[in-house]
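Please read the structure below before turning to the comments.
Protein chains: 2
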Amino acid sequence: MKIGIIGAGNVATHLVKGLVKAGEEVTVVYSRTLGSAQELTQALPSAAATDSLDFLSAAPADVYLIAVPDQAVQPVLQQAVFPPEALVAHTSGTLPREALSTLTGVETGVFYPLQTFSKEKEVDWARIPICVEASCDAAENQLLNLGRALSQQVVKMAGAERKQLHVAAVFACNFTNHLWGVAQEILQKAALPVTLLQPLVQETMHKAFQFNPFEVQTGPAQRGDQDTLEAHLRLLAQTPQYQQLYQALTASIQTTAGQKADAGKAVGNP
Amino acid sequence: MKIGIIGAGNVATHLVKGLVKAGEEVTVVYSRTLGSAQELTQALPSAAATDSLDFLSAAPADVYLIAVPDQAVQPVLQQAVFPPEALVAHTSGTLPREALSTLTGVETGVFYPLQTFSKEKEVDWARIPICVEASCDAAENQLLNLGRALSQQVVKMAGAERKQLHVAAVFACNFTNHLWGVAQEILQKAALPVTLLQPLVQETMHKAFQFNPFEVQTGPAQRGDQDTLEAHLRLLAQTPQYQQLYQALTASIQTTAGQKADAGKAVGNP
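Chains as they are written, first to last, in the working numbering: chain Z, 15 to 284; chain A, 15 to 284.
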């Protein structure tokens, strides 16, 4: 299977590295900036770098993976010319497959790796879930095979589920990352090392995936410890942003705890 | 050093296990319920179990660690009789050392292990930071030595800093745990396996402690992706609780991003 990569950012970079390592043939890499595409093809003698979206003239591929920011997908589609019967898939968690439906004469799909990519940090593709969707069974099989070359966890997923997965990932990763930022800032202001929190964070994470997090929730909000809650809000008086965040999360924890208590009553638990 | 443990809950259980494993001598374990104390001393032929807080009559210890819920500390202090010149320390992140100042004729301290303990789950004491504070240098050294028998990370910490550490831990652990609960519920409702998110959560955590989390923040809130934000709020329409949480966290991420942009301008960054 010959693969074309559209984009030269974080996702594209790790896709090229991962695919080449898995023995797949990357034949062309596109970037608006030729130099960026060339950086990715440097180590690949048989791959072409291009800043043209006319893929009829460049080394043709069977599968094109669009790995550009969501808002850059439509501009790419407007200019791109793909070989007939190619399979074109985007790598976005948010965009529906139908975002590609302006393309004619090709199959379309989604090839969404559920991971956060940074250029400087190697990733372990084997452990990255890849969510696949396609316009026909043959295209789906192509994407599943491509996924399995990279990862041990490749799943078929319709657009509606992928949307739910994406919003869940925002809660589980984007929002938690922000909270870690808040925590680290509080520690830094108190001249305490941020590493102090690392073992506790790791243990909390292990528990959260071993049990239902709602069942192992601890802390002042969960136990209704009003003295500590008020003391914490006073400590945060200098940062109203963090006070509001503290209140919003405390309220949500207590809502969940209340619902669990009600559910317990409803089935006759003590 | 002979050690008395007051309490038989999660913290007390892991303290006893950890101290015995480290070769320390636990001479007495108190619980309101004798049977609970006996459970902890079962494997310790030289330790007494007691439901009396009169520690003059039980096997005397040099250091007493109070490992009961915060609100149970005062009731314990009102009844307890300690040998003269004993060192009495609580294990709370929230209570000041001065909470023990009603005691006379003893030294007082704090011995706060920064970890979440569950009875059924073994802990690796070597990696648990222990925060120590005491009423005099000799008592401080006793607690530091006791801490070092358990852990590689023992730090002196005044009450004001411990409070900041505790509020930071609430953000970094209690709040993130709740968000993982929300994420898992969203996945379960969509009939998706919760393990899908685990690699992404782990990678986010590694990044957060390798870099400043605010610098590596990603997601729709960070990039001001209004289309995705609105789509997510519509997806959460059935759960106003999660909608509000989504809005509060999005607002906070954008406030931080705005502050960073302003700070950049102030120092003349582009």
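Ideal placement from N, C-alpha and C gives every residue a C-beta, glycine not left out. Here the structure is a predicted model, which is why all the values come from computation and not from measurement.
Simplified DSSP state of residue i, which is helix, strand or coil
i: lysine 170 of chain A; result: strand
i: glutamine 268 of chain Z; result: helix
i: aspartate 239 of chain A; result: coil
i: isoleucine 200 of chain A; result: helix
i: proline 284 of chain Z; result: Because the pLDDT of proline 284 of chain Z is 40, which lies under 50, any placement of that residue in the model is unreliable, and the number read from its coordinates should be weighed accordingly. Three-state result, proline 284 of chain Z: coil.
i: cysteine 145 of chain A; result: strand
i: glycine 18 of chain A; result: strand
i: threonine 116 of chain Z; result: coil
i: glycine 123 of chain A; result: strand
i: threonine 55 of chain A; result: helix
i: alanine 86 of chain Z; result: helix
i: leucine 128 of chain Z; result: coil
i: threonine 64 of chain Z; result: strand
i: leucine 193 of chain Z; result: helix
i: alanine 275 of chain Z; result: helix
i: leucine 259 of chain Z; result: helix
i: valine 95 of chain Z; result: strand
i: leucine 179 of chain Z; result: helix
i: leucine 247 of chain Z; result: helix
i: leucine 6 of chain Z; result: Only positions 15 to 284 of chain Z appear in the structure, and residue 6 of chain Z is not among them; the question remains open.
i: phenylalanine 228 of chain Z; result: coil
i: glycine 49 of chain A; result: helix
i: phenylalanine 185 of chain A; result: helix
i: valine 6 of chain A; result: No information on residue 6 of chain A is available, as it lies outside the stretch 15 to 284 that chain A covers here.
i: proline 254 of chain A; result: helix
i: alanine 140 of chain A; result: helix
Best match in the options for proximity to residue i [C-alpha to C-alpha]
i: proline 74 of chain Z; options: Z/Ala275, Z/Tyr44, Z/Val34; result: Z/Tyr44
i: serine 71 of chain A; options: A/Gln268, A/Val95, A/Val90; result: A/Val95
i: leucine 29 of chain Z; options: Z/Tyr126, Z/Thr108, Z/Thr122; result: Z/Tyr126
i: alanine 153 of chain Z; options: Z/Leu206, Z/Val124, Z/Val169; result: Z/Val124
i: threonine 13 of chain Z; options: Z/Ile80, Z/Pro83, Z/Asn24; result: There is no way to answer for residue 13 of chain Z, as the model of chain Z reaches only from 15 to 284.
i: alanine 262 of chain A; options: A/Ala235, A/Arg46, A/Lys274; result: A/Ala235
i: threonine 4 of chain A; options: A/Lys170, A/Ser149, A/Glu53; result: The shown model of chain A, from 15 to 284, leaves out residue 4 of chain A, and the question about it has no answer.
i: tryptophan 139 of chain Z; options: Z/Val184, Z/Thr253, Z/Leu33, Z/Ala271; result: Z/Leu33
i: leucine 109 of chain Z; options: Z/Val82, Z/Ala26, Z/Ile142, Z/Ile19; result: Z/Val82
i: glycine 107 of chain A; options: Z/His246, Z/Ala163, Z/Gln273, Z/Gln255; result: Z/His246
i: proline 254 of chain A; options: Z/Arg248, Z/Gln255, Z/Ala265; result: Z/Ala265
i: leucine 147 of chain A; options: A/Glu134, A/Thr105, A/Val137, A/Phe185; result: The amino acid at residue 147 of chain A is misidentified as leucine; the sequence shows glutamate. Closest option to glutamate 147 of chain A, Cα to Cα, is A/Thr105.
i: aspartate 239 of chain A; options: Z/Glu136, Z/Ala86, Z/Gln93, Z/Val137; result: Z/Ala86
i: glycine 18 of chain A; options: A/Thr47, A/Leu249, A/Phe69, A/Gln52; result: A/Phe69
i: lysine 203 of chain Z; options: Z/Gln216, Z/Pro59, Z/Leu249, Z/Ser132; result: Z/Leu249
i: proline 89 of chain A; options: A/Ile20, A/Ile142, A/Ser50; result: A/Ile20
i: glutamine 198 of chain A; options: A/Thr122, A/Glu112, A/Tyr256; result: A/Tyr256
i: threonine 270 of chain Z; options: Z/Pro227, Z/Asp241, Z/Val137, Z/Ala251; result: Z/Pro227
i: leucine 128 of chain A; options: Z/Thr242, Z/Leu243, Z/Glu217, Z/Leu259; result: Z/Glu217
i: arginine 141 of chain Z; options: Z/Glu112, Z/Leu164, Z/Asn155; result: Z/Leu164
i: lysine 135 of chain Z; options: Z/Ser50, Z/Lys31, Z/Ile267; result: Z/Lys31
i: leucine 206 of chain A; options: Z/Glu244, Z/Pro143, Z/Leu243; result: Z/Pro143
Nearest-angstrom Cβ-Cβ length linking residue i and residue j, presumed shorter than 8 Å
i: leucine 201 of chain A; j: alanine 182 of chain Z; result: 5 Å
i: valine 116 of chain A; j: leucine 91 of chain A; result: Before going on, a small fix: residue 116 of chain A reads as threonine here, not valine. Correct: roughly 6 Å between the Cβ atoms.
i: proline 76 of chain A; j: lysine 16 of chain A; result: Here residue 76 of chain A is aspartate; the residue named in the question, proline, does not match the sequence. Yes, they are in contact, since the Cβ atoms of aspartate 76 of chain A and lysine 16 of chain A sit about 5 Å apart, within 8 Å.
i: cysteine 145 of chain A; j: leucine 179 of chain A; result: 7 Å
i: threonine 42 of chain A; j: alanine 61 of chain A; result: One point to set straight first is that residue 42 of chain A is valine, not threonine, in the sequence displayed. About 6 Å separates the two Cβ atoms, so the contact holds.
i: alanine 12 of chain Z; j: leucine 67 of chain Z; result: Since the first residue of chain Z shown is 15 and the last is 284, residue 12 of chain Z is not available in this structure.
For residue i, the first and last residue of its enclosing beta strand (DSSP E)
i: threonine 27 of chain Z; result: Element bounds for threonine 27 of chain Z: not the beta strand (DSSP E) but the alpha helix (DSSP H), 24–35.
i: threonine 218 of chain Z; result: Here threonine 218 of chain Z belongs to no beta strand (DSSP E); instead the alpha helix (DSSP H) covers 212–224.
i: glutamate 39 of chain A; result: 39–44
i: alanine 100 of chain A; result: First-last for alanine 100 of chain A: undefined, no H or E at that position.
i: glutamine 79 of chain A; result: Note that residue 79 of chain A corresponds to leucine in the displayed sequence, not to glutamine. Leucine 79 of chain A -> beta strand (DSSP E) spans 77–80.
For residue i, the first and last residue of its enclosing alpha helix (DSSP H)
i: leucine 157 of chain Z; result: 151–164
beta-carbon residue i near the ligand ADP non-hydrogen atom, thresh 7 Å
i: proline 127 of chain Z; result: The ligand ADP is not part of the structure shown, which contains no ligands of any sort.
Beta carbon proximity, residue i to chain B, threshold 8 Å
i: serine 132 of chain Z; result: No chain B is present in this structure, whose protein chains are Z and A.
Is the region 218–232 of chain A touching the region 207–217 of chain Z, taking contact as three or more C-beta pairs under 8 Å? In this structure the region 218–232 of chain A lies against the region 207–217 of chain Z, because at least three pairs of beta carbons, one per stretch, are closer than 8 Å.
Stretch-stretch touch, CB-based, cutoff 8 Å, three pairs: the region 227–245 of chain Z with the region 149–165 of chain A: No: the two stretches stay apart, fewer than three of their Cβ pairs being nearer than 8 Å.
For the region 96–112 of chain Z and the region 32–46 of chain Z, state whether three or more C-beta atom pairs, one from each stretch, are separated by less than 8 Å. Counting C-beta pairs closer than 8 Å gives fewer than three between the region 96–112 of chain Z and the region 32–46 of chain Z, which falls short of the contact rule.
Cβ contact check for the region 185–197 of chain A and the region 187–199 of chain Z: 3 or more pairs under 8 Å: yes
Below 8 Å, how does it come out for the region 161–176 of chain Z and the region 168–177 of chain A: are there three or more Cβ pairs, yes or no? Taking 8 Å as the limit for Cβ pairs, the verdict is that the region 168–177 of chain A does not touch the region 161–176 of chain Z.
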